[in-house]
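Asks: Handing you this structure, nothing more for now.
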Amino acid sequence: MENQQQNQVIGGSKRIVALTESPLPSNNDHHIEHQKHGWKNFFAYVGPGFLVSLAYLDPGNLETDLQAGANHRYELLWVILIGLIFALIIQSLAANLGVSTGKHLSELCRAEYPVFVKYCLWLLAEVAVIAADIPEVIGTAFALNILFHIPVWAGVLCTGVSTLLFIGLQRYGVRKLELLIAILVFVMAACFFGEMSYVKPPANELFKGMFIPKLNGDGATADAIALLGALVMPHNLFLHSALVLSRKIPNSVRGINDACKFFLIESGFALFVSFLINVAVVSVSGTVCGADNLSDQNKESCSDITLNSASFLLKNVLGKSSSTVYAIALLASGQSSTITGTYAGQFIMQGFLDLKMKTWLRNLFTRLIAITPSLVVSIIGGPSGAGRLIIIASMILSFELPFALIPLLKFSSSSTKLGPHKNSIYIIVISWILGLGIIGINIYYLSTAFVGWLISNSLPKFGNVLIGIVVFPLMAIYILAVIYLMFRKDTVVTYVDPIKDDHMENGTNNMELVDRVPYREDLADIPLPQ
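In this text, residue positions in the sequence shown follow our numbering: the first is 4, and each later residue adds one.
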């Protein structure tokens, strides 16, 4: 007998099942296999949600949290609450999409949309990955500035070396690297929790800020959009839908339902921890900067707070070592963005273009593009300018969100994509209301901020006219693109019925195939966490 293995493609889908010539399991074996579908199997699914949640603790989040607290105290905590509830919903939708179809979001976009739209979505997704990498570059530069007192622009150049460090550490195992970074990030979180217990922010003010929406004061709308952009990142949707494919999910109704449930629980726990950390950072920043007995030096730091100057917030807990501990944790926080950005970039390129890049090359490609604006701004504007660039990058992510979110919402609500696993009517309504709310806020801010700038700037009238001629059509194209994605009817059917646990077909008991798992050969060269 030849060949120990043959590939069977189920119903024409890209789910590939490995069949061996080993004897078929007995009925007793089926009972044992089915027991594995219970809660004991939960830990086999842990990983993707925690990896994605690290992106919610990157330097972009820390910067926007610090500025929100310093500028508005606790008034924008409701944005973090809504943002992370929405993040939980859409991250679970992304995971369900990958589990139910055996394909990730960018692959489904390639299958569904015309060539021109596909390439536009790919370019926008790449821009999102680069925008997410900018805070990592600047955060690493700030950490090096605090530790070794080198200029911020020199630290930006050194971030190219951190790519090589990332690649070197990967050889010891991706999971070990993830664990190290998670430990360092949570060390910083522990410091903020310790500081929070020391400064004791008023509980009633915290709850008011969390449950009563307000946008008072100058720049509140801009800070709220930056917070949302840092929390709900478009490239994370592509990432999560692909990472779940690294888990061995039985190709059965029960197997898919169990996997969706386990991924939801894992994401919920990971994002709840992220929520607590983000609330702690905002609370500490708001309490310290809002204190009546603030020293002149700290007042100056609070008036223009950046990642580079925020270590003073932890002095009550850590004393003189606050800057060192803060810088090391900031360095780790930055590397979390490197991990998620690298994986997301690989899946985006593979899904949209069917191209693959080596990990180090993909990481270097993204990093070199992200270094350019960071270097220019840090040379011209110094640490303050670099800090503002993080806010701008977060706002870009917020404006980019519809071009990943709308396809996800449409695909996950479509029976042609998910069959019986499509969203319930309640999830459809809630997710679309939140999604349209964020899109509406973005469009409102984009138009009003630009018109306000045109009215108040000191440029000659001719210059304003030229800028208006360029920008207003771009704004119209943005709105039309969003409308097109929303109302275009999906036509491509990608859903394939999984094997029924208790169904007999062609005289063969399909229970025999329940635990024969899908395997993505085309993703084998991407080093997924195991």
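We put the beta carbon where it would ideally sit given N, CA and C, even for glycine.
For Ile85, report the span of its alpha helix (DSSP H) as first-last.
Replies: Note, Ile85: alpha helix (DSSP H), 80-104.
Asks: Provide the residue span of the alpha helix (DSSP H) that contains Phe45, from first to last.
Replies: Premise fails: Phe45 is in no alpha helix (DSSP H) and is neither H nor E.
Asks: Return helix, strand or coil for Leu76, following the three-state DSSP convention.
Replies: The question names Leu, but residue 76 is Arg in the sequence shown. Here Arg76 sits in coil by DSSP.
Asks: With a cut-off of 8 Å, does the C-beta of Val49 fall near any C-beta of chain D?
Replies: Among the protein chains of the structure shown there is no chain D, as only one such chain exists.
Asks: For Leu246, which residues of its own chain have a beta-carbon under 6 Å away from its beta-carbon, when the five flanking residues on both sides are left out?
Replies: The residues are Pro51.
Asks: Could you check which residue in Pro463, Ala73, Trp125, Gly271 has the C-alpha nearest to that of Phe53?
Replies: Taking only the C-alpha atoms, the option nearest Phe53 is Gly271.
Asks: Apart from the five residues on each side of it in sequence, which residues of its chain come closer than 6 Å, Cβ to Cβ, to Val155?
Replies: Within the same chain, Val155 has close Cβ partners Ala144, Asn148, Ser381, Pro386, Ala389.
Asks: Quick one: grab the DSSP three-state call for Lys425.
Replies: If DSSP states are grouped into helix, strand and coil, Lys425 belongs with coil.
Asks: Taking the C-alpha atoms as reference points, what is the distance between Ile431 and Phe315?
Replies: The alpha-carbon atoms of Ile431 and Phe315 are separated by roughly 44 Å.
Asks: Residue range of the alpha helix (DSSP H) that Met213 falls in?
Replies: Segment 206-214, the alpha helix (DSSP H) holding Met213.
Asks: Cα separation between Leu209 and Lys492?
Replies: Approximately 44 Å, taken between the alpha carbons.
Asks: Taking buried to mean at least 16 other C-beta atoms within 10 Å of its own C-beta, is His424 buried or exposed?
Replies: The residue is buried, with at least 16 neighbouring Cβ atoms inside 10 Å.
Asks: Using the rule of at least 16 other Cβ atoms within 10 Å of the residue's Cβ for burial, across every protein chain shown, is Leu27 buried or exposed?
Replies: Low confidence applies to Leu27: its pLDDT is 37, below 50, so where it sits in the model is not reliable enough to give any reading.
Asks: How do the region 246-260 and the region 278-287 stand: do at least 3 beta-carbon pairs fall below 8 Å, yes or no?
Replies: No: fewer than three Cβ pairs fall under 8 Å.
Asks: Give a yes or no on whether the C-beta atoms belonging to Ser418 and Asn426 are separated by under 8 Å.
Replies: No. Outside cutoff.
Asks: Using the three-state DSSP reduction, which class does Ala294 fall into: helix, strand or coil?
Replies: The answer is coil: DSSP assigns Ala294 none of H, G, I, E or B.
Asks: Taking only runs that begin and end inside the region 402-467, name each unbroken alpha helix (DSSP H) of 4 or more residues, in chain order.
Replies: Complete alpha helix (DSSP H) runs here, min 4: 405-415, 418-421, 428-459.
Asks: Just checking my contact of Ile393 with Ile215 at CB under 8 Å: how many whole Å lie between their CB atoms?
Replies: Going by Cβ atoms, the distance from Ile393 to Ile215 rounds to 28 Å, so no, they are not a contact pair.
Asks: Taking only three categories from DSSP, how would you classify Arg113?
Replies: Residue state, collapsed to three classes: helix.
Asks: Figure out for me which residue from Leu449, Ile444, Phe465, Phe490 has the closest Cα to the Cα of Leu231.
Replies: Nearest C-alpha to Leu231: Ile444.
Asks: Spatial neighbours of Leu334 within its chain, please: C-beta separation below 7 Å, excluding the five flanking residues on both sides.
Replies: Closer than 7 Å at the Cβ level, and outside the excluded window around Leu334, lie Thr143, Ala146.
Asks: Please state the DSSP three-state secondary structure of Leu367.
Replies: Leu367: helix per DSSP, three-state reduction.
Asks: From Leu234 to Gly322, what does the alpha carbon distance come to, in whole angstroms?
Replies: C-alpha separation (whole angstroms): 30 Å.
Asks: His238 lies in the alpha helix (DSSP H); which residues open and close that run?
Replies: Here the alpha helix (DSSP H) through His238 covers 237-246.
Asks: For Arg391, which three-state DSSP category applies?
Replies: Arg391: helix per DSSP, three-state reduction.
Asks: Per DSSP, what kind of secondary structure is Gly289 in: helix, strand or coil?
Replies: Three-state result, Gly289: helix.
Asks: Is Gly232 helix, strand or coil when you go by DSSP?
Replies: Three-state result, Gly232: helix.
Asks: Round the Cβ separation of Met236 and Ala479 to the nearest angstrom and send it over; I've been treating them as touching at under 8 Å.
Replies: That pair is no contact at about 26 Å.
Asks: What residue does the alpha helix (DSSP H) around Leu310 start on, and which one ends it?
Replies: First-last for Leu310: undefined, no H or E at that position.
Asks: Between Cys161 and the rest of its own chain, which residues show a CB-CB distance below 8 Å, the 5 nearest in sequence each way excluded?
Replies: Taken in chain order, the residues that qualify are Thr143, Ala144, Leu147, Ile153.
Asks: With a threshold of 6 Å on Cβ separation, who are the neighbours of Trp81 within its own chain once the five nearest residues in sequence on each side are excluded?
Replies: Met213, Pro216.
Asks: Keeping to the same chain, check which residues put their C-beta closer than 6 Å to that of Asp32; ignore five residues upstream and five downstream.
Replies: Residue placement at Asp32 is flagged as unreliable, the pLDDT there being 40, under the threshold of 50; a coordinate-derived value is accordingly withheld.
Asks: Could you spell out the range, first to last residue, of the alpha helix (DSSP H) harbouring Asp136?
Replies: Here the alpha helix (DSSP H) through Asp136 covers 118-151.
Asks: Below 8 Å on the Cβ atoms is my contact criterion, and I expect Gly63 with Ala396 to pass it. Report the Cβ-Cβ distance as a whole number of Å.
Replies: Yes, they are in contact, since the Cβ atoms of Gly63 and Ala396 sit about 6 Å apart, within 8 Å.
Asks: Can you check whether the CB of Ala135 is closer than 8 Å to the CB of Leu364?
Replies: Not a contact, by the Cβ cut-off of 8 Å.
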